[in-house]
Every structure is written in structure tokens, then in C-alpha cells.
Amino acid sequence: MVTSVTSLGRNGLYDWLIQRVSAVVIAVYMIGMLGFLITQSNLDFDTWSAFMGSAPMRIANTLLVLSVAAHTWIGLWSVTTDYLTSLTFGKAATKVRLVVQMVIALLLLVYVLWGLLMIWGGA
Amino acid sequence: MKVSIYRYNPETDREPAMKEYELDTQGKDLMVLDVLNLLKEQDPSLSFRRSCREGVCGSDGMNMNGKNGLACITPLSAVAPGVKEGKKPLVLRPLPGLPVIRDLVVDMTMFYNQYEKVQPYLQNNTPAPAIERLQSPEDRAKLDGLYECILCACCSTSCPSWWWNPEKFLGPAALLQSYRFLADSRDNATEDRLSKMDDPFSLFRCHGIMNCVSVCPKGLNPTRAIGHIRSMLLERGV
Amino acid sequence: MSIRTITFDAIVVGGGGAGMRASLQMAQSGFKTALISKVFPTRSHTVSAQGGITCAIASSDPNDDWRWHMYDTVKGSDYIGDQDAIEYMCQVGPEAVFELDHMGLPFSRTEEGRIYQRPFGGQSKNFGEGGQAARTCAAADRTGHALLHTLYQQNLKSGTQFYNEWYAAELVKDSQDNVCGVIAINIESGETVFFKAKATVFATGGSGRIYSSTTNALINTGDGVGMALRAGVPVQDIEMWQFHPTGIAGAGVLVTEGCRGEGGYLINKDGERFMERYAPNAKDLASRDVVARSMMMEILDGRGDGPDGSYVYLKLDHLGEEVLHSRLPGICELAITFAGTDPVKEPIPVVPTCHYMMGGIPTNVHGQALKLSGGHEGDAQAVNGLFAVGEVACVSVHGANRLGGNSLLDLVVFGRAAGLYIEDALRQGMTQYEPSNDDLDRALSRVRRWDESKGGESVASLRKELQSTMQNHFGVFRKGDLMEEGVEKLANLRERIANAHLEDKSGAFNTARVEALELDNLLEVAEATAIAAAGRTESRGAHSRYDFPDRDDENWLCHSIFDPLTKQLGKREVNFKPKTVDTFQPKVRTY
């Protein structure tokens, strides 16, 4: 068993499952959105604003933001642990990896808060 | 024909280099190992591993014109078009991703370590009967495609995930063997085996690239075995 | 004399089935055990065994009896197998095979969930009266592979200390000829080390590479026999070489007897099933020596096929794709790779090919190596500290001809027996013999000789010449004058090999050095074979002479003993005293 404290669930199955579930959420959202855009012949701001402001869409948008964040974290965490290792950076690898991971985490946090603010704050 | 071989002797060479050889094969479709044996008569200092010369011992895994395989069961015609005819050189390199000891001989310690980590032996804490432990032909059939592994390392050394994390990711060969015991109706250490793989690296670093499947000289499918283990983990964890 | 010394209770030289079964036994009991192998253990030649392990486990036939198996083995040996040893092997066999199942060996199964058994050559029920038996336990056609991997896995679990890719170069003995251990070279670094142990177990396998065409792996160079002979330990029945009927023509790769067990048969170029003429009852499942000779007769009589008329065919297509792919999947692969024929559609071109060394270091059932006191005819005495198991040993359970499936049984039964015996001896206190500096120096002299060589012929060319000499002068059929010529050629080769040149003297993974050291061993085995073959003036089992075409029980119902010091051939009595059954008296051998 390999331990890792910076992975999302600190557990392989959990991360793998989140990755899959979040992918499904993103896919469903995108298909739904595509369907909406196709069926609207002349989309104006009012329609769009009403649509996005509706309760179901706020929930869907919230799910989307959280899913994208989780999905990104797990994916990029994999990338950092693949490429930012002692094979490429020698002894400094741990520091480099930690810094990059923290930057990614910070950006994702900002993204989530900003997203939630847009979804729920404008009402 | 022209043969280009990766040469490195730690006692005399500062760095590895490709050495060119000429060999008259009289147009025969020799196995790559036959070519190496003929070249060794010319140049006894050329080092490579070999034993059974029939594809069951797993000694002579190497990289032939970019693809891992066993030299003894790979005819020149199967390496790449034009190699047998001498239009294209045969290029031999050691298995990628492992430290080179000399020439085509790699240090397989990391590979064997991962194999040992999966407890590659039957575990059963119930008393053994006076005869064999019975197993139905259906249960036995679950081991087909798993127990045939010859530990040649062609798969693991072609796996990018294993290149990046050879100490944390078990790699296709070890995972195939892990499933060989998980699938054995005579083994009852399932829980212990699974709990040792439930981290983000050991098993889950497999991204389904499937290089392992494409190079396995025995036609085995480690990716499928990994999928089965994941399903077992899922069943256990959800 | 400064050489690094590593000390163990017991060391096993050789990582095949016999060696790993022995080391497993001792490691499980907590003794400090090292296994020295020149290849990673799962690359040992046991891995190539295909058909199975013959043993009366009463799965295929609930009434099967180990005594029937014993009868077949005695008859197969042409009556020079020791009956006490054969009795032990056949009786203990089932226990040893069930242990393998408990260790995890993935045997094929019957509908009842028991181990699948297939018919093999020379097998009968009811002491030859009840027709063909099916007694060979199989894991598809990869039994050796499954067995070897299982044993390696168990050794990992039990904490055997592995020295993989270490080459054992010479036996170390003290001035009283007691064995103290071995000199071994770490192939990876070139370092030479003295492994000291109370018990040294040779499990170095066969020596098929003395012939140019063999089913044996490239590593089967008779290292154990070579070391023993140089240390003055005699070898027994070394003229007895089995030629396997079905080696793929040209490549020499083995096609299991299990093919014929599953219903395949041999045909000549006219499509005739010729074994019906040579062995009307057992046909293609006659004993291997009989089938191999019959094939050679067909070929010599002009009924072989191919450009030189040099091979016959093994027909399997009538078995159907399903049987072939489920029971013989490995054979299908090998035939396509090495013969370019798909057995589902076409017959495989085959020719008798050197396969197994029945002779070897004489041992008792505990694996103790024997020397003979008071001249050749005298009593056998144990060599202190030295054991031999598996193909390198001659217990003797195979006599003049081994039955298919008996080699794997031999490995596990006697590997286990030696382990059990050594365990017991260690508990009671075994002596560690100490070599003097001179003793060590003597053992190192061979390695030094090559390292100091300055010029001379190359290893590869001498090896080739040796192999073709054996192939041409000591093949399936043998003749006195031709063999004498061969003996002379080998004497000449001995001189030239003593002056041969090792060009590459580097340390790291120097396979040229290993091949040079192997050449010395090939020569020892070849010479012993040649002198013993020329000396046995009869035809028995695998040893078949034009000038002495009949079995001569009056003079040769005995083991031959080759003494390396005098290079003379002596005789040793065969054991006809099994403990629990009546003696099987020699009879005319027909199938």
C-alpha cells in the first residue's frame, strides 16, 4: 500500500470513483446544455438569464463547478505525481511537486468560490 | 543485413553507444535470438540473456525496432517490414525504463520487487485435505490467461505509468499475477490482497493505455485483469 | 588466499524444480538456505516441461495403484532402474503432487474437480495386463512452467536466500574429499565468492547441449556433472541419453508426448501410421526409446519426408480445434512459430532429438552422492557434504530409459527427500568441513586459467565441434568403431580446450566467461558419455548399438560407473530389493 496525503480521497478507489462520477456529471451537463442551445431558435439575454437563474439550473451549475474542480484536481494531481518526480527533478522533486500542487489547489479554490458567487450571489 | 545494437560496458564505456554489425543471413527468416547468437560468435563481448530459446523462460525480453518482445520467438520478418530483406537495419535496445547493467542486460530488481509485493503465492488458512483441494473446471478456467505469465517484463517496461512510478505503481505484470491469485478459488486471502492495493498508485495508476496488451509475447491481457481487480475493489468498497 | 566467504547451513546449486523443492523444504524448517542459480529461477529448464507429472493419484482411474506405476517405470528403465528408488518415488509421489496443488499449482481439472490426468507413453494398468493408463497430471501443456513458478513463489514465501545470476564454478573439498561448498561467480559484477555450507546440493539439471540438436535450453551445459567429475566423483549410466521422438525438425524445440496421449500419432511420408508395425499394442504410446528408434528406421529406410527425407510427421488435426486449443495451446503456438505449420490443419514435422540425461551423479534415495569404495565393484559410500537431485542425479529411477512425465515426479520427490534428509541431519548436527587455503586455491584454478589465457581457439568454434562430434558419433544408433573414433576426437578436443582463449576478461555481466566455463563442463559430460557408451557392449533402453543389437542381461544387467580419475568404466549392481513389493524380474521388453 502506497500512502499519499495530497490525493483527493487519499484512497485509490475513492479518487477513481470521483473521477468517473464527475466525468458523468460534466457529460450530462454538456449534453443538456447543447440540447437547450439547439432548441432555442433566437436566444436573447432575458431567456438565458431566466434559464440560468432557475433553481434546477443553479443546482446543475453548482454540481458542474464542483465536478470540474474535483475532476481537475484528481487529473492534475496524477500529472504532477507522474512527471514532477525524482526521475525528473532529483532531490528537489518533493518541493517542486508540493508547490505546483498548492498553486493548482489555490486556483481551483478561487474558481469554485467565484463560480458559487456567480451562481448564487447574483439573485 | 545491418544490425544496430545498444552497447554499454560499465567498466570501459563512459556512456552507451549504438554499434553497427553486418551479418549475412542468406535471406533466411531467422529469429532475432539466432541473429544475436551469430553476432556473439563474431564478437564474444556482446552480452544478452537467453535460456530456453522457445519463448517460455522469459529471459530475452528486449526492444526490437521500437517494440518490446522476446528475441527467441520474433522472426526478422515480424520485427518490421524490410528488416529480413536487409533494407532496414535491425535495431536492438535493452528493455526501456530499467537501469542497464551491460549491453542488452537490464537490472530487473525493481520489476521483481513489484512482483514480490503482490504476495504471489497461494494463501489458504484452512487445513489442507489429504488429496488436492477440489476445483471445478469452470473455476480453473478463470486462471487461464493469467498463470501463463513468464515474467519477461516486456509489459511493465512498455508502460508509461510504470516508467514514471516504477516504485509505486505495481505495473501490469505484478497486477496480472495479483489477479491470478484473487481469481483462484483455492485462495482465501482476498481481503488482505485487495486492501494492499486500495491507494492511488499501486493499481489505480493504470490509465488503460494498453501497451502491455500489445507487447505481451504470450498474448495475455493485463489491462483486463486490472479491470477485474478494480471491480472487486468497487464491490468491496461500495 | 583472500576470498569472500558466505556461510549457510545448506546451499542448493540450481534453481529448477528439484533445487527449489529441496530449498523450500529446508527454508520452511527455518534453516539458513541459499539457492545459487545462473539464471533467475523461473528461467530454468523445468519451465519447458510440457505434458505433465506422472503419478498414481487415482483421479482418472479411482483404482489406480502406485505399484502399477512402479511396474511401468521398472520396465521402461529396461530393468536397470533401482527398484528401491522407483518404489520410493511411486509410493511417495501422490503426497508430493498433492502438496504441489496445496502450494497453488494450477492443474487442469476433471468434472469432479480433481486433477486432470492424461495418457502418456509406457503407461499401463494392472502390471501391463489392463491396457493403457492415464496417469500424467497436467496443467494444460505448461505443467513445467506452472510447477516452476509455483515453487519459486513458495520459496519467496519461505525466505530462501536467492543468489540469482550467480554461476557455481567449482566444488570445494578438503584433503579427505569431504565437500565444503562451492566457488561461485556473481555474473553481474564478476566477483568470486566461496559459499561454505554443511550440505551442498547439486540440482544443476541436464547437459543436452553436448549435442548440436537438442530440446534442452541453452543453459543445460552439465555444470553439476562437470564439477563432480573434476572433483573425482564418479558418474553412473552416463551413456544413457534419451532422444525424444518429437522434436520439431530443424529447430529442436520439444513437442510433448501428451500430443500422442491426447490421440495424435506419427505418420511417414506416405501417410502411414508406422508405429502399428513396430509396437502393435501400445503403438504411438510405446516407450520413448522404442518410438525414437522406429522413427529413425523409417527415415533410414527412405520413408522420411522433406528435402533430405530427414523427418516424419506428428498428426494432430483429427483431434479438432477445440481439443487442441484447450489441451495443447502451447504446442499450437510453438508449431506455428518454429515449424510454420498450424497443427489444427497440418501435421508437424518431427525428428528424434536429444532430450534427457538418464545418467548422472549416483545417489541414494536421500540424494546423497555416492562414491565406490574398494574399486569399481565395491560398496557405495556417501560423499560427505554432497547431494544431488533431479536430472543431474542418477538415483536411479530412470535406468536406461525414462518414461514421459517421470522427470517432474523425480524432481519433486527427490528434491523433497533430500531436503527432509538434510533437515534431519542438520538437527542432529552436521559437520562443517573446512578447506585449507590450498584446497580453495585448487578450486579457483579453473577460473584463473581462463582469466589468464592469452591466445588460442575460440570457445564458440570448439563448442560447435564438440556438439557435432557427439551428434555424429553418439546418436540414436551407435556403433563400436564410430564411437572409438568419437572418443579420440574428444581426447583431441580436451587438449585444445585446455588451451582455448577467453578474449573478454571484464567483470560486469561477462557472458563470454560463463560460456567458457560451461565449455569445460560440456567436455567432461561428453567424454564420460563417449567412454561409457563405447564400453557398454549391448543394446538396452536408449543405448542402441548396431554391433551389439541385443540386451545382454548376463553381463550388463548393471549400472555403468565412469571413474573420472582413471577414465575407466566399472559396474555397479542394480537394486532388485524393493521394501514392500516383490521384485520385478527382467522380462523381454515389448510394447
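Top line first, the protein sequences correspond to chains A, B and C.
Using this note's numbering, you'd call the opening residue of the first sequence number 1 and step up by one each time.
Using this note's numbering, you'd call the opening residue of the second sequence number 1001 and step up by one each time.
Using this note's numbering, you'd call the opening residue of the third sequence number 2001 and step up by one each time.
For every residue, glycine included, the Cβ atom is placed at its ideal position computed from N, Cα and C.
>> Just to confirm the assignment: which complete alpha helix (DSSP H) runs, minimum length 4, are found wholly within the region 2320-2406 of chain C?
In response: 2321-2327 and 2329-2334
> From C:Asp2009, C:Thr2215 and C:Ala2022, pick the residue whose C-alpha is nearest to that of Leu2411 (chain C); which is it?
Replying inline: As a working mapping, residue 2411 (chain C) is identified with position 411 in the third sequence. When each option's Cα is compared against that of Leu2411 (chain C), the closest is C:Ala2022.
> Can you list, in chain order, the residues of its chain whose CB lies under 7 Å from that of Ile1990 (chain C), leaving out five sequence neighbours each side?
Replying inline: The requested residue 1990 (chain C) is not part of the displayed model; chain C covers only 2001 to 2591.
>> Strictly below 7 Å CB to CB, what residues from chain C border Ser1059 (chain B)?
In response: Taking the second sequence and counting its residues from 1, the one referred to as residue 1059 (chain B) is at position 59. Result: Val2039 and Arg2043.
>> As an exercise, report each continuous alpha helix (DSSP H) stretch of at least 4 residues that is fully enclosed by the region 2219-2296 of chain C, in chain order.
In response: 2223-2230, 2258-2261 and 2275-2278
>> Measuring alpha carbon to alpha carbon, tell me which residue in C:Arg2273, C:Gly2486 and C:Asp2174 is nearest Ala2530 (chain C).
In response: The residue you call residue 2530 (chain C) lines up with position 530 of the third sequence. Selected option, being the one with the closest Cα: C:Gly2486.
>> Given this structure, state the Cα-to-Cα distance separating Gly2339 (chain C) from Phe1181 (chain B), to the nearest angstrom.
In response: In the third sequence, residue 2339 (chain C) corresponds to position 339, counting from 1. In the second sequence, residue 1181 (chain B) corresponds to position 181, counting from 1. The sequence given here places Ala at residue 2339 (chain C); Gly does not occur at that position. If you take the alpha carbons of Ala2339 (chain C) and Phe1181 (chain B), they lie about 35 Å apart.
>> Does the CB of Val5 (chain A) have a neighbour CB from chain B at under 8 Å?
In response: To locate residue 5 (chain A), count along the first sequence from 1; it is residue 5. It does not: the Cβ of Val5 (chain A) has no partner Cβ on chain B nearer than 8 Å.
> Could you give the C-beta distance for Thr2200 (chain C) and Val2182 (chain C), rounded to a whole number, given that I count them as a contact under 8 Å?
Replying inline: Stepping through the third sequence from its first residue, residue 2200 (chain C) is reached at position 200. Stepping through the third sequence from its first residue, residue 2182 (chain C) is reached at position 182. About 6 Å; that satisfies the 8 Å criterion.
> Along chain C, in chain order, which residues have C-beta atoms closer than 7 Å to that of Ser1136 (chain B)?
Replying inline: Here residue 1136 (chain B) is taken as the residue at index 136 of the second sequence, counted from 1. The answer, in chain order, is Arg2109 and Gly2113.
> Which residues in chain B sit within 7 Å of Val2 (chain A), going by Cβ to Cβ distance?
Replying inline: Reading the first sequence from its first residue, position 2 is the one you call residue 2 (chain A). Those within 7 Å of Val2 (chain A) in chain B are Lys1168, Asp1199, Phe1201 and Ser1202.
>> By the DSSP assignment, the alpha helix (DSSP H) with Asn1063 (chain B) in it spans what residues?
In response: In the second sequence, counting from the first residue as 1, residue 1063 (chain B) sits at position 63. Element bounds for Asn1063 (chain B): not the alpha helix (DSSP H) but the beta strand (DSSP E), Gly1061 to Met1064.
> Just reading off the beta strand (DSSP E) that Pro2119 (chain C) is part of, what are its end residues?
Replying inline: Locating residue 2119 (chain C) in the third sequence gives position 119, counting from the first residue. Gln2117 to Ser2124 is the span of the beta strand (DSSP E), which, as asked, contains Pro2119 (chain C).
> Starting from Ala2027 (chain C) and walking both ways along the alpha helix (DSSP H), at which residues does that stretch end?
Replying inline: To locate residue 2027 (chain C), count along the third sequence from 1; it is residue 27. Taken as a continuous stretch (DSSP letters only), the alpha helix (DSSP H) holding Ala2027 (chain C) covers Gly2017 to Gln2028.
> Is the CB-CB distance between Val1105 (chain B) and Phe2127 (chain C) below 8 Å?
Replying inline: In the second sequence, residue 1105 (chain B) corresponds to position 105, counting from 1. In the third sequence, residue 2127 (chain C) corresponds to position 127, counting from 1. Contact flag unset, no.
> In chain C, what lies closer than 7 Å to Val1105 (chain B) by C-beta?
Replying inline: Here residue 1105 (chain B) refers to the residue found at position 105 of the second sequence. Within 7 Å Cβ-Cβ: Phe2509.
> Of the residues that make up the region 1103-1131 of chain B, which ones have a beta carbon closer than 7 Å to any beta carbon in chain C?
Replying inline: Val1105, Glu1116, Pro1120, Tyr1121, Leu1122, Ala1128 and Ile1131
> Taking C-alpha atoms, which residue in B:Leu1234, B:Pro1166, B:Asp1144 and B:Gly1055 lies nearest to Met1108 (chain B)?
Replying inline: Along the second sequence, read from residue 1 onward, the residue named residue 1108 (chain B) stands at position 108. When only C-alpha atoms are compared, the closest one is B:Pro1166.
>> What does the alpha-carbon distance come out to for the pair Lys1218 (chain B) and Ala1174 (chain B)?
In response: As a position in the second sequence, residue 1218 (chain B) is number 218, starting the count at 1. As a position in the second sequence, residue 1174 (chain B) is number 174, starting the count at 1. Those two C-alpha atoms are separated by around 15 Å.
>> Against chain A, with Cβ distances strictly below 8 Å, would Trp1162 (chain B) count as a contact?
In response: Counted from its first residue, the second sequence places residue 1162 (chain B) at position 162. Cβ-Cβ to chain A under 8 Å: no for Trp1162 (chain B).
> Would DSSP call Gln1123 (chain B) helix, strand or coil?
Replying inline: Along the second sequence, read from residue 1 onward, the residue named residue 1123 (chain B) stands at position 123. Here Gln1123 (chain B) sits in coil by DSSP.
> For the region 1016-1103 of chain B, which segments carrying the alpha helix (DSSP H) assignment without a break, of at least 4 residues, lie completely within its bounds, in sequence order?
Replying inline: 1032-1042 and 1076-1079
> If we cut at 8 Å on Cβ distances, does Ile2219 (chain C) have a partner in chain B?
Replying inline: As a working mapping, residue 2219 (chain C) is identified with position 219 in the third sequence. Yes - at least one Cβ of chain B is within 8 Å of the one on Ile2219 (chain C).
> What residue does the alpha helix (DSSP H) around Gln2091 (chain C) start on, and which one ends it?
Replying inline: The residue labelled residue 2091 (chain C) in the question sits at position 91 within the third sequence. Its alpha helix (DSSP H) spans residues Gln2083 to Met2103.
> Mind checking if Gly12 (chain A) is an interface residue toward chain B, Cβ cutoff 8 Å exclusive?
Replying inline: Taking the first residue of the first sequence as 1, we reach residue 12 (chain A) at position 12. Interface residue, yes.
> For Cys1052 (chain B) and chain C, any beta-carbon pair shorter than 8 Å?
Replying inline: Working through the second sequence from its first residue, we reach residue 1052 (chain B) at position 52. By this cut-off, Cys1052 (chain B) is an interface position.
>> Considering only the alpha carbon of each residue, which of B:Pro1081, B:Ser1136 and B:Ile1005 lies closest to Met1062 (chain B)?
In response: As a position in the second sequence, residue 1062 (chain B) is number 62, starting the count at 1. For Met1062 (chain B), the nearest C-alpha among the options comes from B:Ile1005.
>> Short of 7 Å in beta carbon distance, which residues of its chain neighbour Phe2584 (chain C), apart from the five on each side in sequence? Order them along the chain.
In response: Here the question's residue 2584 (chain C) lines up with position 584 in the third sequence. Hits under 7 Å: Tyr2071, Val2074 and Gln2083.
>> Three or more C-beta pairs under 8 Å: does that hold for the region 2516-2531 of chain C against the region 2488-2504 of chain C?
In response: yes
>> So Glu2322 (chain C) contacts chain B; which residues on that side make the cut at Cβ distance below 7 Å?
In response: Position 322 of the third sequence, counted from the first residue, corresponds to residue 2322 (chain C). What Glu2322 (chain C) touches in chain B: nothing, since even the nearest Cβ is about 13 Å away.
> Around the C-beta of Phe2474 (chain C), are 16 or more other C-beta atoms found within 10 angstroms, so that it is buried, or is it exposed?
Replying inline: Numbered from its first residue, the third sequence carries residue 2474 (chain C) at position 474. Flag for Phe2474 (chain C) reads buried.
> Quick one: which chain B residues come within Cβ less than 9 Å of Asp2047 (chain C)?
Replying inline: As a working note, residue 2047 (chain C) is residue 47 in the third sequence. The question names Asp, but residue 2047 (chain C) is Val in the sequence shown. Those within 9 Å of Val2047 (chain C) in chain B are Ser1051, Cys1052, Val1056, Cys1057, Gly1058 and Ile1150.
> What residues from the region 2245-2256 of chain C come within 7 Å of chain B, judged by C-beta to C-beta, listed N to C?
Replying inline: Val2253
> Whose C-alpha, out of C:Asn2164, C:Asn2472, C:Gly2302 and C:Pro2343, is nearest the C-alpha of His2325 (chain C)?
Replying inline: Numbered from 1 along the third sequence, position 325 holds the residue referred to as residue 2325 (chain C). When each option's Cα is compared against that of His2325 (chain C), the closest is C:Pro2343.
> What did DSSP end up calling Cys1212 (chain B) once you bin it into helix, strand or coil?
Replying inline: For the purposes of this step, residue 1212 (chain B) is identified with residue 212 of the second sequence, where counting begins at 1. Correct three-state label for Cys1212 (chain B): helix.
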